[in-house]
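Numbering (my numbering), first residue to last: 13 to 598.
The block underneath contains the structure these notes are about, expressed in structure tokens.
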RNA sequence: GCGCCUGUAGCUCAGCUGGAUAGAGCGCCGGACUUCGAAUCCGUAGGUCGCAGGUUCGAAUCCUGCCAGGCGUACCA
């Protein structure tokens, strides 16, 4: 589609030049910025639209007049295309046969690589996402984070980037000590096994317990702080407890990742990187980048960029979130010198990242300019806000299980449990499609409301609906295979793809690589979800209105099957980028 | 108070670097199964694009002010 536009841009420039010559304009010059080729608002108008407002000044005529006169020039040598004028626009309807042949052949030969671009070829991009705390299981907010992180990574890779997905396990700090302390006080030696609980949920129980307890017992905070000091000092008993409980949480969280199709290339642990951070801050202090208060705390003065003063080390010498993030960034760049590092982190931490990036710059790391905070908004349920303090957080595992249950109910109601094969696997795949699509349908920056019931619905703009299109095509292709013998004499003939809807479908397929590239440039999976819906919608209308296999014209049927196969390929490629599992049957 | 973000149909969301009558889904109402899976498709109704100015041939889109909401402004993460 893009080549097509470039091709016509050249034609237009040539036409404009001869038009200028014949109308006596000497100082004619048009650059490619002025000449913008668009897509008409309605397909009947054509495939390419050329607004001619810019030409009004050059030719001193109204755009509509120019359009009318320019038409003749453009038609010369381009007889296959239909050029029409509509007010200030010239619309071009291209010869679709040629495009269809080219695009469908390309899709068939490139297969699952179709849509990949080289726009970020070999760029080393690190993506940090998920970053759970080891004191509780993942909640709905993490699920959005994971969806975005995984999807953005796949999109970047599809654009040729060398992507490294990293997870920073937040396994140290005062909040970790809180669940440890509660377990020590109230755990009575129980384990996830003994209680029959998923291990991360088991730990989370004690984090909640701490918060209840600390309300009645004001000393709790001090005890937690003392535990943090003991931990940083390497106290053996505290360390042992810490290791035990971290294992529980991490094991449980990894199970959730496995269920939701999230994977990483490397794990970092704050318990390891915070020391680097501390050391760098001490170095910075010596060099006078930071300053120390009388109580021993170390600070960065950011008033020069209109930010506040920030603490980097507490008066008792223990480190903070910022401290370890400094260490983590440095450790990462040493391990794998990235050209860009994308932090997928909630928008509530914008200020934190502004500070972090600035401090790294002050410390003299030039790559600090390559850091980017991809921030996303909060997720709430229809019935209200998620607040961890009020215990209204939506647990990720529970939510996912609920989606699976709804998917199963739907399959059972349609009496398809037999036809589907592995029911457990299918319900999981449908649940995942529902979850990822719903989460990625909204641009990352915005807050959103997650409606589980709506997400799993099989009709409307949902993941399962898209999945259904893939399954329907698969079903059709199975039937085609069964009837293959009757097509033995048939030949593919692209001139057969002549209806308006086929034209639309061909163009939609053709534009896919551009969509992938835009999604990569904008770091926005929403481009892909939006595209998927448009393609699916077009296709569902097509197969509903057109009987393909029973066509008496076998050549036409065979050609249409080629188109349908291509659509399935594009769907699959796009599914992958937004975490929708492909199902042959559902 | 200050900083960042958001405000588009009853609800949930699109609308790319300003361009042709502002689009989907859900919900509402009304149609379409002897057909490749009706888990679908088609149609009707519904919008002062938060408000007011400004820039422009042209603004939902850019600028300014105001209003409303969210988030941040911790020796929490």
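Glycine is no exception: its CB is placed at the ideal position from the N, C-alpha and C atoms.
Limits of the alpha helix (DSSP H) - the one that residue i falls within
i, result
"residue 152", "152–170"
"residue 27", "14–34"
"residue 321", "That residue, residue 321, is in no alpha helix (DSSP H); its beta strand (DSSP E) goes 321–325."
"residue 254", "248–272"
"residue 219", "211–228"
"residue 548", "538–557"
"residue 242", "232–244"
"residue 570", "566–589"
"residue 487", "475–494"
"residue 339", "333–347"
"residue 70", "67–71"
"residue 192", "186–198"
"residue 529", "512–534"
Residue i vs residue j beta-carbon contact at 9 Å
i, j, result
"residue 115", "residue 518", "yes"
"residue 273", "residue 591", "yes"
"residue 100", "residue 55", "no"
"residue 325", "residue 332", "yes"
"residue 530", "residue 124", "no"
"residue 200", "residue 219", "no"
"residue 532", "residue 160", "no"
"residue 573", "residue 550", "no"
"residue 337", "residue 289", "yes"
"residue 240", "residue 181", "no"
"residue 535", "residue 386", "yes"
"residue 473", "residue 453", "yes"
"residue 217", "residue 173", "no"
"residue 183", "residue 276", "no"
"residue 570", "residue 502", "yes"
"residue 127", "residue 211", "no"
"residue 598", "residue 350", "no"
"residue 170", "residue 575", "no"
"residue 489", "residue 580", "yes"
Among the options, nearest to residue i - alpha-carbon criterion
i, options, result
"residue 222", "235, 531, 348", "235"
"residue 322", "465, 363, 164, 182", "363"
"residue 507", "515, 383, 216", "515"
"residue 27", "72, 51, 69, 81", "81"
"residue 146", "259, 58, 203, 84", "259"
"residue 504", "568, 245, 119, 74", "568"
"residue 255", "113, 136, 192", "192"
"residue 106", "57, 136, 71", "57"
"residue 414", "432, 464, 431", "464"
"residue 557", "595, 511, 72, 543", "511"
"residue 295", "152, 538, 375, 155", "375"
Same chain, Cβ closer than 7 Å to residue i, five either side skipped, listed in chain order
i, result
"residue 416", "439, 440, 443"
"residue 552", "481"
"residue 492", "561, 573"
"residue 371", "312, 338"
"residue 215", "147, 148, 191, 257, 260, 261"
"residue 47", "21, 24, 25"
"residue 154", "142, 144, 408"
N- and C-terminal bounds of the beta strand (DSSP E) containing residue i
i, result
"residue 175", "174–181"
"residue 387", "383–388"
"residue 138", "136–140"
"residue 105", "101–105"
Residues bridged to residue i [DSSP beta-bridge criterion]
i, result
"residue 280", "180"
"residue 314", "Paired residue(s): none; residue 314 is not in a bridge."
"residue 354", "139, 384"
"residue 62", "102"
"residue 304", "310"
"residue 407", "151"
"residue 367", "None, per the DSSP bridge assignment."
"residue 460", "391"
"residue 95", "104"
Own chain partners of residue i with C-beta closer than 6 Å, once the 5 adjacent residues on each side are dropped
i, result
"residue 401", "Here residue 401 scores only 48 on pLDDT, less than 50, and its place in the model should not be relied on; the value that follows carries that caveat. Excluding positions up to five away in sequence, the list is empty."
"residue 475", "445, 446, 449, 592"
"residue 390", "459"
"residue 582", "521, 524"
Residue i Cβ short of 8 Å to the ligand COA heavy atom set
i, result
"residue 395", "Questions concerning the ligand COA fall outside what the structure shown contains, since it holds no ligand whatsoever."
Same chain, Cβ closer than 8 Å to residue i, five either side skipped, listed in chain order
i, result
"residue 420", "435, 439"
"residue 565", "508"
"residue 74", "68, 100"
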